[in-house]
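Just below is one structure, and these are the notes that go with it.
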Amino acid sequence: MTPRPTGADVAASPRGAAGAADRPDRSAAPARPSGGGRRRSSSRLSARTRTRLEIAFFTGPALVLLGLFIVVPVLQAVRYSVFDWNGLGPLDDFVGLDNYARALGDTVFTGAVVNNFVIIALSIAIQLPLGLAIALLLNRDIRGRGFLRVVIFMPYVLAEVVAGVVWVLLLQPNGLVDAVVEGVGLGGLTQLWLGDPDIALGTVMVVLTWKYLGLAVILFLAGLQGVPEDVYEAAQLDGASWWQVQRRVTIPLLGPTIRTWGFLSMIGSLQLFDMVWILTGGGPANSTVTMAIYLINQGTERGLYGYASAVAVLLFVISLVLAVLYQTFVLRRDNEVAPKPRRAAR
Numbered sequence: 001m002t003p004r005p006t007g008a009d010v011a012a013s014p015r016g017a018a019g020a021a022d023r024p025d026r027s028a029a030p031a032r033p034s035g036g037g038r039r040r041s042s043s044r045l046s047a048r049t050r051t052r053l054e055i056a057f058f059t060g061p062a063l064v065l066l067g068l069f070i071v072v073p074v075l076q077a078v079r080y081s082v083f084d085w086n087g088l089g090p091l092d093d094f095v096g097l098d099n100y101a102r103a104l105g106d107t108v109f110t111g112a113v114v115n116n117f118v119i120i121a122l123s124i125a126i127q128l129p130l131g132l133a134i135a136l137l138l139n140r141d142i143r144g145r146g147f148l149r150v151v152i153f154m155p156y157v158l159a160e161v162v163a164g165v166v167w168v169l170l171l172q173p174n175g176l177v178d179a180v181v182e183g184v185g186l187g188g189l190t191q192l193w194l195g196d197p198d199i200a201l202g203t204v205m206v207v208l209t210w211k212y213l214g215l216a217v218i219l220f221l222a223g224l225q226g227v228p229e230d231v232y233e234a235a236q237l238d239g240a241s242w243w244q245v246q247r248r249v250t251i252p253l254l255g256p257t258i259r260t261w262g263f264l265s266m267i268g269s270l271q272l273f274d275m276v277w278i279l280t281g282g283g284p285a286n287s288t289v290t291m292a293i294y295l296i297n298q299g300t301e302r303g304l305y306g307y308a309s310a311v312a313v314l315l316f317v318i319s320l321v322l323a324v325l326y327q328t329f330v331l332r333r334d335n336e337v338a339p340k341p342r343r344a345a346r
């Protein structure tokens with residue numbers, strides 16, 4: 001029989017010594033934390049500071065330019081708008097809100113506001129379905145679609161001055177448009193396309209549609225590239241027709257692109273000046289005048305810079321209100337974030 005080892009023998013053995021070394025000494029005082037936590041906090045603070053400096057470095061120049069070229073001019077326009085000022089000399093003839101009351105009571109200005117809203121409505125009503133139809137057609141695998149895309153987009157990249165002068169030449173009496181109308185046997189339909197107050201705005205809308213339709217088509221085509229192919233395949237497997245696929249799949253998925261284009265079209269229509277100015281100058285009989293044209297007429301042509309500043313402020317306020325309303329009720333769905341799932345109760 002092997003004798004049982006005593007405590008002294010176990011302690012003297014190598015295994016016993018190792019076990020004794022592995023066991024913690026309960027009588028020893030707990031070790032104090034070193035300065036590593038303080039160093040980590042300092043490094044986090046420096047990283048946070050570096051991030052703030054990077055943000056300030058990249059956004060600072062943009063904010064300076066924004067202030068110089070947007071905020072300061074707007075504030076200056078507000079200041080000038082409460083004076084009767086001709087652009088020269090000191091601002092000493094304070095009139096308060098009289099310039100605003102005068103603008104709101106002028107039938108030419110209110111007619112310009114109506115024209116701007118008519119242009120907004122017609123631009124969306126005409127260019128949206130037409131642009132969608134052309135984009136859906138050019139998105140298919142057809143021969144020459146690259147060339148057709150260039151042809152559709154070419155008017156948009158043309159300078160407004162060039163496009164406007166070309167259309168003035170085409171639409172003048174006995175111009176190319178009248179020659180084509182007479183050539184197809186419809187000579188009785190020739191009109192003073194830009195000289196008749198009853199049809200001048202409609203003629204301007206045709207030119208504007210030709211000029212800016214390419215932007216809508218290109219944006220819609222870009223949106224179509226983001227629609228997954230498996231969505232179309234799943235719809236076809238379910239037996240959906242081509243029209244059903246476009247109506248229930250493609251157009252809903254193009255919603256963000258369509259809403260963004262609508263915002264750009266609305267703001268561009270409110271600020272419309274150059275094309276209408278070249279085509280008609282706001283005439284005949286103020287039938288095509290816009291707010292921007294009215295502003296230029298009052299400021300540069302009549303020298304009423306204080307009154308023109310009030311008109312500019314009104315244009316800015318109208319644009320801002322419409323932009324906020326559009327952002328709140330139309331673009332809001334594109335900015336909504338899906339709610340985070342709640343944690344299960346323990």
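Numbers 1 to 346, taken from full-length UniProt numbering, label the letters of the sequence shown in order. From the three backbone atoms N, C-alpha and C, an ideal C-beta is built for every residue, glycine too.
Residue i bridges to which residues according to DSSP?
i, result
"Phe83", "Phe94"
Given that a residue counts as buried once 16 or more other Cβ atoms are within 10 Å of its Cβ, and exposed if not, what is residue i?
i, result
"Val289", "buried"
"Gln127", "buried"
"Ala198", "Looking at the sequence provided, one finds Asp at residue 198 rather than Ala. With fewer than 16 other Cβ atoms within 10 Å, it is exposed."
"Trp243", "exposed"
"Ala216", "buried"
"Phe94", "exposed"
"Ser46", "exposed"
"Ile70", "exposed"
"Gln298", "buried"
"Val204", "buried"
"Val311", "buried"
"Thr250", "buried"
"Phe329", "exposed"
"Ala21", "Its pLDDT being 46, under 50, Ala21 is placed unreliably by the model, and the measurement read from it follows with that caveat. Burial call: exposed."
"Val10", "Confidence in Val10 is poor, its pLDDT being 44 and thus under 50, which makes the residue's placement unreliable; the coordinate value appears in the next sentence. It is exposed - the Cβ of Val10 has fewer than 16 other Cβ atoms within 10 Å."
"Leu65", "exposed"
"Ala112", "buried"
"Leu171", "buried"
"Ile134", "buried"
"Ala103", "buried"
"Ile120", "buried"
"Trp85", "buried"
"Trp261", "buried"
"Gly223", "buried"
"Leu158", "exposed"
"Gly131", "buried"
"Leu325", "exposed"
"Arg15", "Per-residue confidence for Arg15 stands at a pLDDT of 47, beneath the threshold of 50, marking its modelled position as unreliable; the derived number appears in the next sentence. Its Cβ having fewer than 16 others within 10 Å, Arg15 is exposed."
Just checking my contact of residue i with residue j at CB under 8 Å: how many whole Å lie between their CB atoms?
i, j, result
"Ser309", "Ala77", "5 Å"
"Leu189", "Ser123", "About 25 Å; that fails the 8 Å criterion."
"Ile218", "Phe153", "6 Å"
"Pro284", "Ala200", "6 Å"
"Leu314", "Tyr100", "7 Å"
"Val148", "Leu138", "The residue asked about is misnamed: residue 148 is Leu in this sequence, not Val. The pair is a contact, with the Cβ atoms about 6 Å apart (cut-off 8 Å)."
"residue 357", "Val108", "The structure shown does not extend to residue 357, since the chain is modelled only from 1 to 346, so the question has no answer here."
"Leu254", "Phe220", "6 Å"
"Leu322", "Met275", "Rounded, the Cβ-Cβ distance is 20 Å, inconsistent with contact."
"Pro173", "Leu192", "7 Å"
"Pro155", "Gly239", "So it is not a contact: roughly 40 Å between Cβ atoms."
"Val227", "Ala235", "Not quite, the Cβ-Cβ distance comes to about 11 Å (not below 8 Å), so this is no contact."
"Phe263", "Leu331", "7 Å"
"Val72", "Phe316", "That pair is no contact at about 14 Å."
Can residue i be considered in contact with the ligand PLP, in the sense that its beta carbon sits closer than 6 Å to one or more heavy atoms?
i, result
"Met205", "Of ligands this structure carries none, so the ligand PLP is not represented either."
Is the stretch 154-172 touching the stretch 271-282 in the sense that three or more CB pairs, one from each, lie closer than 8 Å?
yes
Inspect the CB distances between the stretch 79-86 and the stretch 293-306 and report whether three or more fall short of 8 Å.
yes
With a threshold of 8 Å, are at least 3 pairs of Cβ atoms found where one atom belongs to the stretch 291-300 and the other to the stretch 176-190?
no
In the stretch 181-252, which residue ranges form an unbroken alpha helix (DSSP H) of at least 4 residues, counting only runs that do not cross its ends?
200-224, 229-237 and 242-245
The stretch 264-275 contacting the stretch 105-119, beta-carbon criterion three pairs below 8 Å:
yes
Within the stretch 45-83, ranges of the alpha helix (DSSP H) (whole runs, at least 4 residues):
72-80
Alpha helix (DSSP H) runs wholly inside the stretch 312-337, at least 4 long, in chain order:
332-335
Which ranges does the beta strand (DSSP E) cover as unbroken runs of at least 3 residues, wholly within the stretch 99-131, from first to last along the chain?
none
What runs of the alpha helix (DSSP H), each 4 residues or longer, lie entirely inside the stretch 139-184?
145-157, 160-171 and 176-183
Complete runs of the beta strand (DSSP E) confined to the stretch 283-311 [at least 3 residues]
none
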